[in-house]
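Enquirer:
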Amino acid sequence: MIKIRFFAALRERLDCSQYLLQCDSNSQSVATVLEQLKGHDSLWHQELSRTDLLCAVNQQLVPLSAAVRDGDELAFFPPITGG
Amino acid sequence: MSVFVAVQCDDFCLASEYDELRRHSACGAVVTFSGLVRELSNNILHSMTLEHYPGMTEQALVAIAEQAQQRWQLGAVHIIHRVGTLKTNEQIVFVGIASAHRAAAFAACEFIMDYLKNRAPFWKKEHTAAGDYWVEAKASDQQALARWE
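Top to bottom, those sequences are chains A and U.
Convert by adding 405 to the 1-based position in the first sequence; the result is the number in my numbering.
Convert by adding 125 to the 1-based position in the second sequence; the result is the number in my numbering.
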């Protein structure tokens, strides 16, 4: 299982803070997982296609090409606006 | 170097933080920055809510403090960021640096704020008379990193 987390505006638009995804292979890219998630429905497809989307694997910011493995925590969120 | 990082709902006290920072006897300079909730130009802001990614945020702040230490000789770095709902004029963020000389303290303080705004996962939602809005990221915050690269 991969634990997927969504934050802020993305969490609100998807109405989902956490989602468990069955893992089919030992290692895949974040981009591959993102494509799977877009298949959820048209809203998810639209929101997860945003080009400004950021992602983190195990709480570290990573590019979409990064690897994600069974048991990992994968998070998607909009650009950061703290401070 | 000592690093103190906190993500909290509670307010912080500038005087207490300053007193902690000036305990480092090898440091002749303390620079502090505090960020506040400011009113919008049309005076319609009621409050704002700050969301964060628990765990990742604290790790990101420690990593930013350590990056600053690699660039400048620092005695202490304190970073406090509040979350939850805050009203106009309330304190949001504190960065305090103690170092031997002022140049390093000023530079490190700016460096930490620039990186915090781009690397630490916080998000602001404004509650206004016209509705609730997530704050959009500013290109100028992203561009501010260029001077450190």
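Even for Gly, the Cβ is constructed at its ideal location relative to N, Cα and C.
1) Give the residues from the stretch 167-185 of chain U that approach chain A closer than 9 Å (Cβ to any Cβ), ordered along the chain.
2) Taking CB distances under 8 Å as the criterion, tell me whether residue 488(A) reaches chain U.
3) Which chain U residues are close to residue 466(A), counting only those with a beta carbon under 9 Å from its beta carbon?
4) If you check the beta carbons only, do residue 463(A) and residue 446(A) fall under 8 Å apart?
5) Given that a residue counts as buried once 16 or more other Cβ atoms are within 10 Å of its Cβ, and exposed if not, what is residue 248(U)?
6) Strictly below 8 Å CB to CB, what residues from chain U border residue 411(A)?
7) Counting only beta-carbon atoms, is residue 211(U) nearer than 8 Å to chain A?
8) Look at residue 435(A) and residue 426(A) and say whether their C-beta atoms are less than 8 Å apart.
9) Under the DSSP definition of a beta bridge, which residues are partnered with residue 204(U)?
10) Looking at the ligand MN, does it come within less than 7 Å of residue 189(U), judged from the CB to the closest heavy atom?
11) What would DSSP say about residue 152(U), mapped onto helix, strand or coil?
12) Assuming residue 207(U) contacts residue 154(U) under a Cβ cut-off of 8 Å, what Cβ separation, rounded to an integer in Å, is found between them?
13) Taking only three categories from DSSP, how would you classify residue 113(U)?
Expert: According to the structure shown:
1) Within the stretch 167-185 of chain U, the residues whose Cβ lies closer than 9 Å to some Cβ of chain A are 175, 176, 177, 178, 180, 181, 182, 184 and 185, listed in chain order.
2) Counting from one through the first sequence, the residue named residue 488(A) turns up at place 83. It does: the Cβ of residue 488(A) has a partner Cβ on chain U nearer than 8 Å.
3) Here residue 466(A) refers to the residue found at position 61 of the first sequence. Residues of chain U passing the Cβ test: 181, 185, 244 and 246.
4) In the first sequence, counting from the first residue as 1, residue 463(A) sits at position 58. In the first sequence, counting from the first residue as 1, residue 446(A) sits at position 41. Judged by their CB atoms, residue 463(A) and residue 446(A) are not nearer to each other than the 8 Å cut-off.
5) Mapped onto the second sequence, residue 248(U) falls at position 123. It is buried - the Cβ of residue 248(U) has at least 16 other Cβ atoms within 10 Å.
6) Counted from its first residue, the first sequence places residue 411(A) at position 6. Result: empty, since nearest Cβ-Cβ is about 10 Å, beyond 8 Å.
7) Looking up residue 211(U) in the second sequence gives position 86. Chain A contact via Cβ: absent.
8) As a first step, residue 435(A) is located in the first sequence; it is residue number 30 there, counting from the start. As a first step, residue 426(A) is located in the first sequence; it is residue number 21 there, counting from the start. By the CB criterion at 8 Å, residue 435(A) and residue 426(A) fall outside the cutoff.
9) Within the second sequence, the letter at position 79 stands for residue 204(U). Bridge partners of residue 204(U): 130(U) and 220(U).
10) Inclusion of the ligand MN in the displayed structure is not the case, the ligand content being empty and no account of it being possible.
11) Taking the first residue of the second sequence as 1, we reach residue 152(U) at position 27. The answer is coil: DSSP assigns residue 152(U) none of H, G, I, E or B.
12) Counting from one through the second sequence, the residue named residue 207(U) turns up at place 82. Counting from one through the second sequence, the residue named residue 154(U) turns up at place 29. Not quite, the Cβ-Cβ distance comes to about 26 Å (not below 8 Å), so this is no contact.
13) Nothing about residue 113(U) can be read from this structure; chain U reaches only from 126 to 274.
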